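See structure below.
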Amino acid sequence: KQWYQRRVRAEVKGKDINAALYFIRKFPVVLFLQKRNRDGIRTQSLLQKLRWRYDLPSEFSVTVEIDGGKDGKKLWIDLVALSGSDKLPQVFVNETYFGGYHETKAYYSSGFLADQMLKGVGKCPDCENCKSEKS
Numbered sequence: 626k627q628w629y630q631r632r633v634r635a636e637v638k639g640k641d642i643n644a645a646l647y648f649i650r651k652f653p654v655v656l657f658l659q660k661r662n663r664d665g666i667r668t669q670s671l672l673q674k675l676r677w678r679y680d681l682p683s684e685f686s687v688t689v690e691i692d693g694g695k696d697g698k699k700l701w702i703d704l705v706a707l708s709g710s711d712k713l714p715q716v717f718v719n720e721t722y723f724g725g726y727h728e729t730k731a732y733y734s735s736g737f738l739a740d741q742m743l744k745g746v747g748k749c750p751d752c753e754n755c756k757s758e759k760s
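The following block contains the structure:
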């Protein structure tokens, strides 16, 4: 998994593009966080639980750690411009901003987050098979 994340970072490094938008368009689920951030770790855990519950592939989502380096600062500026929020973590599902930990947890509890994630892989959350999996 880490090798894959390093490869994706290398694709963006040094290019004059909106790096945050690159990740958001490339992956159905994107989590931006700071290393060792408690809410970031909690959010990552929620997303992982859904991935496991619905047997979604690891390539389906990516976690992007924002550091204090040159590329991290550019990524941060791009991310704030897209979401309008200067707080981390930030979750995007199917190119839609979901918010931070507390918002994501509320969507998780209501089942809305799972529905949106399943739509990202072409599974219909309204069909009978998906409804029975939720139970």
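The sequence shown begins at 626 in the numbering used here and counts up by one.
Cβ coordinates follow ideal geometry from the N, Cα and C atoms, glycine included.
Just so we're clear, the structure is a prediction, and the values are computed from it rather than from any experiment.
(request) Please list, in chain order, all residues of the same chain as D711 whose beta carbon is under 6 Å from its beta carbon, the five residues on each side excluded. (result) V705
(request) Report the three-state DSSP secondary structure of F685 (helix, strand or coil). (result) helix
(request) Measure the CB-CB distance between L713 and L658 and report whether it falls below 7 Å. (result) yes
(message) Considering only DSSP beta bridges, list what G665 is partnered with.
(response) In DSSP, G665 forms no bridge with anything.
(request) Pull up the distance between the alpha-carbon of K695 and that of A731, whole angstroms please. (result) 34 Å
(request) Note down the Cα distance separating L646 from D703, rounded to an integer number of angstroms. (result) For L646 and D703, the distance between alpha carbons rounds to 8 Å.
(message) Here's the rule I'm using: 16 or more other beta-carbon atoms within 10 Å means buried, otherwise exposed. How should G665 be labelled?
(response) buried
(message) Are the CB atoms of T729 and T668 within a distance shorter than 7 Å?
(response) Taking 7 Å as the Cβ cut-off, T668 and T729 qualify as a contacting pair.
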